[in-house]
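Under our numbering, the first residue of the sequence shown carries the number 6, and numbering increases by one thereafter. Report on the structure given below.
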Amino acid sequence: MEITALSGTCSEGCIFGGLEIKADVDKRLTGYRFCCNRSKGKIVIANGPIIPVILFNRRDYTQALIRFRLKKNQKWK
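Have a look at this one:
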């Protein structure tokens with residue numbers, strides 16, 4: 006999954022809003038967090054067949070544009 010655009014305020018810990026991608030198999034864990042367009046071009050690779058993508062904010066609004074692709078015949082553990 007690639008982040009192609011992300012609006013929002015850059016801040017430590019994304020306290021004002023951002024995008025969280027839970028790419029680990031254990032979805033109870035906090036995922037990768039991205040706050041602003043500095044994350045443009047970042048790529049996250051999943052460790053399982055399900056990837057929750059959570060867009061959140063505490064101020065104003067947040068918009069995200071992501072690209073993803075699926076592998077054919079992917080075998081998951």
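Ideal placement from N, C-alpha and C gives every residue a C-beta, glycine not left out.
Check	Outcome
Which of helix, strand or coil does DSSP assign to residue 62?	strand
What distance in whole Å lies between the Cβ atoms of residue 52 and residue 69, which are believed to be in contact at a cut-off of 8 Å?	With a Cβ gap of about 21 Å, residue 69 and residue 52 do not count as contacting.
Thinking C-alpha only, which one of 77, 62 and 73 is nearest residue 20?	62
Give the straight-line distance between the Cα atoms of residue 16 and residue 39, rounded to the nearest whole angstrom.	9 Å
Which runs of the alpha helix (DSSP H) at least 4 residues long sit entirely within the stretch 8-55? Give them in chain order.	none
Here's a check: name, in chain order, each residue in its chain whose Cβ is nearer than 8 Å to the Cβ of residue 67, leaving out the five neighbours to either side.	11, 12, 13, 22, 23, 24, 60 and 61
Whole-angstrom Cβ separation of residue 36 and residue 8, contact assumed at under 8 Å?	Their Cβ separation, rounded to whole angstroms, is 13 Å, which puts residue 36 and residue 8 out of contact at 8 Å.
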